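Participant: I am attaching a structure below and will ask some questions about it afterwards.
In our numbering, the protein residues as written are 18 to 249.
Right, dumping it as C-alpha cells:
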C-alpha cells in the first residue's frame, strides 16, 4: 500500500470536498422535500382571522325576527309600564241643603233638559276619605270642593277634608255601604257638576284631583292648578 504524506492527504481531502458538497442536496431543497412528505400542519387548515369560509359562516347563528333578543329579555327592569287606565267614577246623586238661606237659588233649576245633578267619586277617592274619617274618628268628615277665581286660566280648585257644613252646601254620597261624602257649595257646583274626583298617587306626592270636568275648556295650565271655563 502506497503511503501518502500528511501534506498530500490534506490536499486530496480539500479537492474532494467541493465534489461531495455538489452531490448532496441543498438545505432548502431538503426542507422542501421533508415538508411535502410530512403530515400537514394544523395551522395550515385554519382560515385567516379576517376571512371566513362558507362553511364557517353557515354555522354562525343569525338574529332573525323570531330569535332577536328583545328589550324585555335583556333589560326587564327598563321596560316601560303602560299608562294607567282612566278610573271610572261612581255616580253620586245630589242632596240639596236641608235648611237653605232665604236668597238660595237651587242649582237643579238651571239644569238642561235631561241633565242630572250629580258628581262622581272613584274608588281611590272613596277609600282616601274613609282613611281620613278613621284617622279623625269622625264619620261626618267629608271632602269639600270649591272653585275660586285666580290662576293663569281664570279658575282654580280648592279641596280640603272638613266636617263643617254650610247652609247652601250640596251633599253627594255614593250608593254604596260607605260614610264617604263630597260637599260642594251652591256657587261652585254649576262650575264642576258632572266632574270626577279621583285620588292619585304619584312620585311627587298624593292628592285629590278633578278629572273630566264638563265645564272645563281644556286640561288646564301646565302646572295643573288652574283651568278655563268653556265658552257658553
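In this text, a Cβ means the ideal position worked out from N, Cα and C, and glycines have one as well.
If you're wondering where the values come from, they're calculated on a predicted model, not measured in any experiment.
Using DSSP's beta-bridge definition, name the partner residues of residue 223.
Facilitator: Answer is 218.
Participant: Going straight from the alpha carbon of residue 108 to that of residue 192, what length do you get?
Facilitator: When rounded, the distance between both Cα atoms is 8 Å.
Participant: Out of 131, 140, 218, 178, point me to the one whose CA is closest to residue 194's CA.
Facilitator: Here the closest residue by C-alpha is 140.
Participant: So what does DSSP say about residue 204, is it helix, strand or coil?
Facilitator: Note: residue 204 maps to coil in three-state DSSP.
Participant: Do the CB positions of residue 199 and residue 159 come within less than 8 Å of each other?
Facilitator: Yes, Cβ-Cβ distance for residue 199 and residue 159 is below 8 Å.
Participant: Take residue 202 as the anchor and find which of 105, 217, 110, 114 has the nearest alpha-carbon.
Facilitator: The option with the nearest alpha carbon to residue 202 is 114.
Participant: If you reduce the DSSP assignment to three classes, tell me which class residue 150 lands in.
Facilitator: Looking at residue 150 - three-state DSSP - the assignment turns out to be helix.
Participant: If you measure between the beta carbons of residue 197 and residue 147, is that distance less than 8 Å?
Facilitator: A contact, by the Cβ cut-off of 8 Å.
Participant: Under three-state DSSP, which class holds residue 173?
Facilitator: Residue state, collapsed to three classes: strand.
Participant: Got a sec? Which residues, its chain only, sit under 8 Å from residue 133 by beta carbon, not counting five neighbours each side?
Facilitator: The answer, listed in chain order, is 110.
Participant: In three-state DSSP terms, what is residue 140?
Facilitator: If DSSP states are grouped into helix, strand and coil, residue 140 belongs with the helices.
Participant: For residue 212, report the span of its beta strand (DSSP E) as first-last.
Facilitator: Careful: residue 212 lies outside any beta strand (DSSP E) and carries neither H nor E.
Participant: Between the C-alpha atoms of residue 215 and residue 227, what's the straight-line distance to the nearest angstrom?
Facilitator: Going by the C-alpha atoms only, they are around 6 Å apart.
Participant: For residue 105 and residue 211, I'd like the C-alpha separation in whole angstroms.
Facilitator: Rounded to whole angstroms, residue 105 to residue 211 spans 12 Å at the Cα level.
Participant: Have a look at 190, 142, 151, 232 and flag the residue whose alpha-carbon is nearest the alpha-carbon of residue 176.
Facilitator: If we check each option's Cα against that of residue 176, 142 comes out closest.
Participant: Roughly how many whole angstroms lie between the Cα atoms of residue 178 and residue 188?
Facilitator: If I take the Cα positions, the gap works out to 14 Å.
Participant: Have a look at the DSSP bridge pairing and note the partners of residue 110.
Facilitator: Partner(s): 135.
Participant: Considering only DSSP beta bridges, list what residue 124 is partnered with.
Facilitator: DSSP output for residue 124 lists no bridge partner at all.
Participant: Starting from the C-beta of residue 174, find all residues in its chain whose C-beta is less than 6 Å away, skip the five residues before and the five after it, and write them out in chain order.
Facilitator: 227.
Participant: Looking only at its chain, what residues have a beta carbon closer than 6 Å to the beta carbon of residue 234, apart from the 5 residues adjacent to it on each side?
Facilitator: Closer than 6 Å at the Cβ level, and outside the excluded window around residue 234, lie 245, 247.
Participant: Roughly how many whole angstroms lie between the Cα atoms of residue 127 and residue 171?
Facilitator: Taking the straight line from one Cα to the other gives about 23 Å.
Participant: What distance in whole Å lies between the Cβ atoms of residue 162 and residue 223, which are believed to be in contact at a cut-off of 8 Å?
Facilitator: That pair is no contact at about 17 Å.
Participant: Buried or exposed for residue 230, going by 16 or more other Cβ atoms inside 10 Å?
Facilitator: Buried is the call here.
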